[in-house]
Amino acid sequence: MLEQHLAVLPIILPLIAAPLALILGRSIFSWGFATLVSGLAFLLSWQLLAAALSDGVLSYAVGGWAPPWGIELRVDAANAFVLLAVTAISTLVLVYSKHSIEKEVKAANHSLFYTAHLLCLAGLSGILITGDAFNLFVFLEISSLATYTLVSLASDRRCLTAAFRYLVMGTIGATFILIGVGLLYMKTGTLNMLDLAERIDLYDSSRTINTGLAFIMVGVSIKLALFPLHMWLPPAYTHAPSAVTAFLASTATKVAVYVMIRFIFTVFGIDHVFVDMGMGLILMALAVVAIFKCSYMATVQSNVKTVLAYSSVAQIGYLVLGLSLVSVSGLMASMIHIFNHALMKGALFMAVGAVFYRVGSVDIKDFAGLGRKMPLTMAAFTIAGLSIIGVPLTVGFVSKWYLVIAALEQDQWLVAALVLVGSLFAVIYIGRIIEAAYFQKLPESRSSENIKEVSWLMLVPMWVLVIANIYFGIDTSLTTEAANSASEWLFQTNSMLENKVMEGEVLEGHAIEEKAQEVSS
Amino acid sequence: MSFILDYYNYWVVVFLMMAGFYIVISANNLVKKIVGLNIFQTSVFMLYISMGKVSGGTAPIVVEGVTQYSNPLPHVLILTAIVVGVATTAVGLALIVRIKRAYGTVEENEFDNKDDVI
Amino acid sequence: MNLWQALEPAQLITLSICVPFVGALLVIATGKVPNLREAVTLITAAILLSLVLAITDYTFLGTTLELDVVELFPGLGISFNVEPLGVLFALVASFLWIVTSIYAIGYMRGHNEINQTRFFCCFALSISSVMGICFSGNLLTLFIFYEVLTLSTYPLVTHAGNDAAKQGGRIYLGILLSTSIAFLLFAILGTYALTGTLDFRAGGIFDDSHNKVVLSVLLVLFCYGVGKAAIMPFHRWLPAAMVAPTPVSALLHAVAVVKAGVFSILKIIIYIFGIEGLKDLVTTDVMLYIGAATIVLSSCIAMTKDNLKARLAYSTVSQLSYIVVGALLASSIASAGAALHIATHAVGKITLFFCAGAIMVASHKKNISDMAGLGRKMPITFAAFAIGAISIIGLPPMAGTWSKWYLAIGALETDKFIIVAVLMVSSLLNIAYLLPIPIKAFFSKPAEGAEPWRWSQTKEAPLPILVALTVTSGCCLAMFFYLQPLVDLVNLIPGVSTK
Amino acid sequence: MAEFIDLVLLAMLALTALRIIFLKDLFAVVMLFGIYSFLSALIFLNLDAVDVAFTEASVGAGISTVLMLVTLAITGRKEKQSTHSSLLPLFVVLVTGAALIYGTLDMPPFGHPDNPVHQHVAPRYIEESPKEVGLPNMVTSVLASYRGFDTLGETVVVFSAVIGVLSLLGVRRKKKKDLESGLESHRVLHVVAKIIIPLVILFALYVQFHGDFGPGGGFQAGVIAAAAFILYALILGLPKAFAVVGPRFLQWMAAAGVLLYASVGLYSMYMGGHFLDYNQLATDPVAGQHYGIIIIELGVGVTVFAVMLNIFYAFGSQAERSNVQ
C-alpha cells in the first residue's frame, strides 16, 4: 500500500494536514502536529529517494488516468534528492520555530503560521514531483500564496511592503510561466512534460515554442531570484520572521532552480536551449554578474539578515552557473549545491533568528560581544559561515570543488577563476559578523540585559544542520551519489530525446523513458 | 488577409496583456497595481480560451446531433487559473489594507521618503 | 630514541596530528587551573616531539609511512605520506614548540595577558595543523591543513581585541584566505583537472604532455597562492600579524606559519612540478627574480623600522624568500640549501623574537631607539640576540652559515650571478639592520629623557624566558658544528643533494 | 457573426484597458475593471467557454470588484502622480510584447479544427468522457476527474488565500452595539433582500448540483452562495451576519471542504486505486465517477463559500473600523 503510493504521499500528507492544523487551533497542538507531519514527509522522501536510486523512475497516475490525459507524478533521483532536502529543512525549521515564532508572530496567528507552513511545504513538494506543466503552476501558486502569508506575519511593518513586492513580482513570474505553458500547449496539445518533450521536437524551430521557452525561463528566473530579477528577495528575507527566512532561503529558491533544470533538461532539451537559443551564455553571464554584484552588496549591508539574503542571491548565481555549463559534472555541481546551500543557509538564518530572539535586533553592531553570551549560537554561525566561504571539510568546499572542476572540464578557466574570486566576498561579509561577535565588547547599554543562550529547542535543529555541514563536507558519498545519478538521469533522458530526433523515429507514450531506464540499468 | 484573420485575436490579446503588465509595473498606487495584475491575468485567460475555440464548434456539453465541440481542456485550466487569480488578489488587497494602516499611504513613491522600502 | 615501537608505524602520523589536538581540548578543560593547563601544554609538546623523533627514525630506516584517512571525492581524500622534507619541518616545529611553550608561560604571566586559555588552545591547534601540513600526502590534504592553520592562528593575532589587533587580524585573514582561495585552490583544481591526481610524487606529476604555458601560470598561482610564503606584494599580512603576543610572533610568524608557507612551495616544486620540470617553465625565472627583489626590498624596509618586532618581521619576509629562491633555482644543491634554511633560520629568528619579547616584558620597550644601554641591564638577552643575529646574517660559527652556503653554491652552479649578488647584498643589509641593536645596547648610554627611576628597576626577564632563549641561541651555535643529521635527512629527499 | 462579435468585444476591451492606464480616479478604475471583467466574460461565452464565462462574471466582476471597492473605502480613491519615469516600464512592456507578437507568428491559426490542441489529448475528453465519466459536461469531467488533482490544488489555493487574509486582517467581532452598521434604516432594502436572498441561495444549490449537466459547479455555486450572504451582511450589518454564520465556523467550513475533497482521494486509495481514482468508489466505474464528482464538487463549493464569505468579513470589519475612526 505504502510503496504503491509513495510518489503522491509527500504532497498530500502536508496538504491534508494543513486544514487539520487550522482546526487544531491551539498554537502548541498545531506546532506538534505540523512537526510530526513534516517529519513523516521527510521519512517518506527518504524512502522515495531510495526507491528512485534503485528503480530509476516512479510514475504515478493521479486519479488512475494514464498520462497525458490525467496528471502524472514523476519521481526520479533528481527531484527526490531535492525533496529530501526540502522536507529535512522543513522539519528542522518547524522544531526551531516554536520559540522563534512566539517572539516574532502575534499569538493569535500561530496556528495560521503552521497551516501556512504546511501549505508551503505541500506546494513545494508538488512542484518537485509533478510531471504536468500546468499542475506545476497550481502548486507554484499554493506555495507562493503561503509564502506571501508567511513573510507578512512578522511584527515589523516593513514585512508588509516586502510581502507586497514579493506578491507582485511572484505573480508576474507565475503569469509568465502560465503564458509560456500556454504557448507550448498551443503548439503541442499536451501538458504532460514528457509528452511535451516528445512533441516539441516536431516543431523544433518554431517561434512560438521559442517564445514559450523564453517566457518560462523569465518566469522561473523571477521565482528563483536570478539577477537582475532578484529585487523582491532581499526585503522579503530581511523582514520575514526568522524561521520563515530560514525555511524559504534554503528551500523555495532551490525548488525554483530545480524547475529550471527540469524544463531545460527534460522538456526542451539542452541542444535546443543552449545551442539553438544561446541561453547558456546568457545564463552564465547573469550568474557571474549575480555572484559579483550581490556578493558585493552583501558586504555593505548593516542588517545581518540582508547580508545573508544578498548572499543567497549570489549563491543562486553558483547554482545557475553550474547548470549553464551543460555537462554532467556541471549539473551535478548544481544539484550538490542545492542540497549543500540549504544546509548552510538554514543554519545561518537559524543562528541569526536565535540572536533576534535574545537581542531583538540583528544589526551587525548588535552582534558585538555575543561570542561570550551565546557561545553555541555563535559557534554554529561561525561554522556555517566558514561553509559559505568554502573552507575545506565543510559542504561549501565540496560545492565549490565540483563547480570549479566542472568549469575546468569545459576549459572555462576564466569562469573557474571568477567563481573562486567571487567567493572571497564571503570572507568579508561573514568575517565582519564573526569579528563583531568575538572581538568586540558587549556594549555597556546591553550589559544589564539578560542575554543568554537560547533554548535547546532552537539549538538542536541549528546544530543538526551545522553537523550536517561538516558531515557532508567529509563524507560526500551520499550527496555525490544522489547528485550524480540525478544529473546522469537528466542527461540520459535528454540524449534519448535527441537521438529520437536524429533517428527520425517518433516514440509514443513513455517509450523514451523506458529506453532511458534500460540504459541506466 | 487570412493571415490577419488567423491572428487578430491573439494580437489584441497580446495588447491587452501588455496593457495590464504596464499598469502593474508603472502604477504608483498599490490598488491600481492589483487592478493591473488582474487585467494581465484575465488577458492571459483569453489567450487560453482563444486557442480552445473551434470554428463552428459549440460549448463542450454533450448535445444530441452536435459533433464539433470546442476544446474543454483550456476551459478547465482557466477555471483553475481564475481561482488562483482571485486568491492572489484577495491576499494582495489585504496587504494593501495593512500597509495603509501601518504607513498611512498606499502610494509607492511615498514610501521612499519614509525610510522603509528597500 | 623510538619510544613508540609498539605502535603500527602509520599510526604515528595519526597520533602526531591528534596529540596536539587533544592537547587543545585538554587545555580548554583545564582552563580554570593555570598550572595544570600549562603542564598539559608542556606534556603534549614533549609527547609530540617523541612522536616526531620516532617518525624520523623510521624515515632513516627507509620505512614508508602512509595513511589514507577519508575519501572526500572519488579517488581523492585526506591522506598522509611521510617524506624527508616534511620530517625536517616537523622536527623543527615540534622541538621549538616545547621551547616556545616554556617561553610563553613566562611571557603570558609576566605580561598578565587576558584569554590565556584561548591562547594556549589555539596554539596547540595550529601545531596540530602544522603536523598535518608536514605529513600531507596530497595537495588537497595540504590545502585543508593550510586553511585550518590560517583559521586557528587568526584568534591569536587578534588576541588583544583592540582596534589595532582587529585591523591586523583583518589584513592577516584577508590576505591569507584570499590568496589561498583565489590562487592556491584554483591552482590545485587546475592541477587536478589536468592530471587527475593531486598526490605528491617523486619527480612531480606533470610530464611533457602538459602545456608548458599552463604549467607556467600554475607555478605563479602556486607561489602566490601560498600567501604564507610572503612573497611581495602579498607580504603585508606578516608585519600586520605582529600585533599578536610575542610568543605567537616567535613560533608562528617566525617558524610554524611562515615556514609552512615556504615548505608548501618547496614541497609543491619538488613533488608536483619536479625540480627538472621546473627548468622548462618561463615563469620560473620571473618568480625567481621577484623572490630576489623581495629579499632586497624587505631588507631595505627593515632598516627603516624602529619598532623591533616590525623590523624582525620584514627580516622574516626577506629570509623567507631565500627559501623560495632556493627552490626556484631548480638545482639540487640550492634546494638542499632551501630545506636547511627552514631549520637554521627558524632557530635564529625565534631567538631574536624571544629576545624582543623578553625586552618587552622586562622593560616594556618596543622601539629600538629606546634600547640603547639596555644591554647592561639584560646581558643574557642581548647576548642571545647577538648570536641569533649572527646566525641570520650567516656568519660562522652560527647555523645560518650552512644554508646560505648551499644556496650560494646552487646559484653559482646555475650561473645565476644576480642571485649570488643578491645574497651578498642581503647579508650586508642584515648586518646593517641587526647588529647595531646589540652593539648599541651594550656600548651606548641610555638616551636623554629616559625615566631613571624605572631604568634602575629594569632587570632580566623571568626565568622561563631566559631558559628558552638560551636554549635556542645554544642551538644556533650547536647546529653549526653538528648539522650532519639534518643534512642526511635532506639528502634523502628525491632529487635533492648537498653534493 | 461570432467573429464580428468577438472583434467588437475585443475593441471595447482595448478601450477599457487604455482608459484604465490613464485614469487617476481609482473608483473609476475599479468600476472599469469590473466592466473589463464582464466584457471578457462575454468573450469567453462567445468562444464557447460557458463555465469560464460564468466564473469570470461572478469572480472578476463580482468578488474581485467588491473587494477592491472595500479596499478603496479604506485607502482612498485618488492615485497620486508618480514621480519616477515611466520609460523603463514602457520599454519592458514593449520588449515583452514584441516577444509575444514574435511568438504568435508560428501559432496555429485561430479556430482551426486541425490545430494541435484539438488533435492530441483533447479528443479523448470529447469522445470518451461521456462514456468513461458519464457526464454530459466535459468541462466538469475534466475538471473533477481527469485533472482532479489540479482542482484539489485550486481548492487549496483558495484555502491558502483565506489563511493569508485572516492572518493579515483578522475578523473582529464588534463589542459595542451602539454604532449603526449596514443599511438598517432602509426598510425597502430589507424587504427586497429577504425576498432575494433565499432565491440566490436556491440558485446556488442548483448551480452546485447541476454542474454535471450544464455550466456550473462547486466553484461558481460557492461564490453565488457567498454573494447571498454578502448581500445580507451589507444590508443588515456584519454583526447580524456573524450571528448567522460566524467567522470561526467559516474557518472550519473552509478546512472541512478541503478535507472532504481529499478524503475522497484517500478513500479511493483505501479501496485499492490511485489517489482520486473515483472508479473505485462503486462497483460500477461510471457510478463511482459520479459519486466522486458530486462529493468533491461539494467540497469545492463548501470551501469556496466559506473562504469568500470569510474574506469579505475580514475586509468588511476593516472598513467598519476605518469608518469608526
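Quick mapping for you: the protein sequence lines, in order, are chains A, B, C and D.
Per this note's numbering, numbering of the first sequence is gapless, rising by one per residue and ending at 521.
Per this note's numbering, numbering of the second sequence is gapless, rising by one per residue and ending at 639.
Per this note's numbering, numbering of the third sequence is gapless, rising by one per residue and ending at 1138.
Per this note's numbering, numbering of the fourth sequence is gapless, rising by one per residue and ending at 1463.
We put the beta carbon where it would ideally sit given N, CA and C, even for glycine.
query: Can you give me, in chain order, the residues of the stretch 1026-1059 of chain C that have a beta carbon less than 8 Å from any beta carbon in chain A?; result: none
query: Show which residues of chain D have a CB atom less than 7 Å away from the CB atom of residue 148 of chain A.; result: 1302
query: Going by DSSP in three states, residue 1052 of chain C sits in which element: helix, strand or coil?; result: helix
query: Measuring only the C-alpha atoms, how far is residue 222 of chain A from residue 168 of chain A?; result: 11 Å
query: Which residue comes first and which comes last in the beta strand (DSSP E) that contains residue 1287 of chain D?; result: Unbroken run through residue 1287 of chain D is the alpha helix (DSSP H), 1286-1306; no beta strand (DSSP E).
query: For residue 61 of chain A, name the three-state secondary structure that DSSP assigns.; result: strand
query: Please name the residue, chosen from C/755, C/872 and C/951, that lies closest to residue 933 of chain C on a Cα-to-Cα basis.; result: C/872
query: Which residue or residues does DSSP assign as beta-bridge partners of residue 717 of chain C?; result: C/709
query: Residues of the stretch 1280-1304 of chain D with a CB closer than 8 Å to any CB of chain A: list them in chain order, please.; result: 1283, 1284, 1285, 1286, 1287, 1288, 1290, 1291, 1292, 1294, 1295, 1297, 1298, 1299, 1301, 1302 and 1304
query: Curious, which full-length alpha helix (DSSP H) runs of at least 4 residues does the stretch 190-220 of chain A contain?; result: 193-200
query: Does any residue of chain D have a CB that is nearer than 8 Å to the CB of residue 135 of chain A?; result: yes
query: With a CB to CB cut of under 6 Å and the five nearest residues on each side skipped, what residues in its chain are close to residue 150 of chain A?; result: 116 and 244
query: Go ahead and pull the three-state DSSP assignment for residue 550 of chain B.; result: strand
query: In this structure, how does DSSP classify residue 674 of chain C when only helix, strand and coil are distinguished?; result: helix
query: Mind pulling the chain D residues with CB within less than 8 Å of residue 543 of chain B?; result: 1159, 1227, 1228 and 1231
query: With the cut-off set at 8 Å, would you say residue 213 of chain A and residue 189 of chain A are in Cβ contact?; result: no
query: How many Å lie between residue 1358 of chain D and residue 29 of chain A at the Cα?; result: 35 Å
query: Verify whether the separation of the beta carbon atoms of residue 968 of chain C and residue 936 of chain C is less than 8 Å.; result: no
query: Evaluate residue 538 of chain A with the Cβ neighbour count: other Cβ atoms within 10 Å of its Cβ, from every protein chain shown; 16 or more gives buried, anything less gives exposed.; result: Any property of residue 538 of chain A remains undetermined from this structure, which presents chain A solely from 1 to 521.
query: Quick one: does residue 1206 of chain D have its CB under 8 Å from some CB of chain A?; result: no
query: Per DSSP, what kind of secondary structure is residue 559 of chain B in: helix, strand or coil?; result: helix
query: Just reading off the beta strand (DSSP E) that residue 860 of chain C is part of, what are its end residues?; result: From DSSP, residue 860 of chain C is part of no beta strand (DSSP E) but of the alpha helix (DSSP H) over 851-864.
query: Is any beta-carbon of chain A found at less than 8 Å from that of residue 574 of chain B?; result: no
query: Of all the CB atoms in chain D, is at least one closer than 8 Å to the CB of residue 188 of chain A?; result: yes
query: Would residue 485 of chain A be called buried (16 or more neighbouring beta carbons within 10 Å of its own) or exposed?; result: buried
query: I'd like to know if residue 19 of chain A contacts chain D, where contact means its C-beta is closer than 8 Å to some C-beta of that chain.; result: yes
query: Could you check what DSSP says for residue 638 of chain B in three-state terms: helix, strand or coil?; result: Interpretation of residue 638 of chain B is limited by its pLDDT of 44, a score under 50 that renders its predicted location unreliable; the figure taken from the coordinates is listed afterwards. In this structure, residue 638 of chain B counts as coil in the three-state DSSP scheme.
query: Tell me which same chain residues have a C-beta within less than 6 Å of the C-beta of residue 998 of chain C, skipping the five on either side of it?; result: 1004
query: Round the Cβ separation of residue 970 of chain C and residue 1052 of chain C to the nearest angstrom and send it over; I've been treating them as touching at under 8 Å.; result: 5 Å
query: Just to make sure I have the definition right: I need the residues of chain D whose C-beta is within less than 8 Å of the C-beta of residue 108 of chain A. Which are they?; result: 1308
query: Would you say residue 1164 of chain D lies against chain A (beta-carbon separation less than 8 Å)?; result: no
query: Helix, strand or coil: which one does DSSP assign to residue 403 of chain A?; result: helix
query: Excluding the 5 residues flanking residue 541 of chain B on each side, which residues of the same chain have their C-beta closer than 8 Å to its C-beta?; result: 557, 558, 559, 560, 561, 562, 563 and 564
query: Going by other Cβ atoms of all chains shown within 10 Å of its Cβ, with 16 needed for buried, is residue 1135 of chain C buried or exposed?; result: buried
query: So which residues on chain C does residue 417 of chain A lean against when the C-beta distance must stay under 8 Å?; result: 821 and 825
query: Compute the Euclidean distance between the alpha carbons of residue 192 of chain A and residue 259 of chain A, then round it to the nearest angstrom.; result: 14 Å
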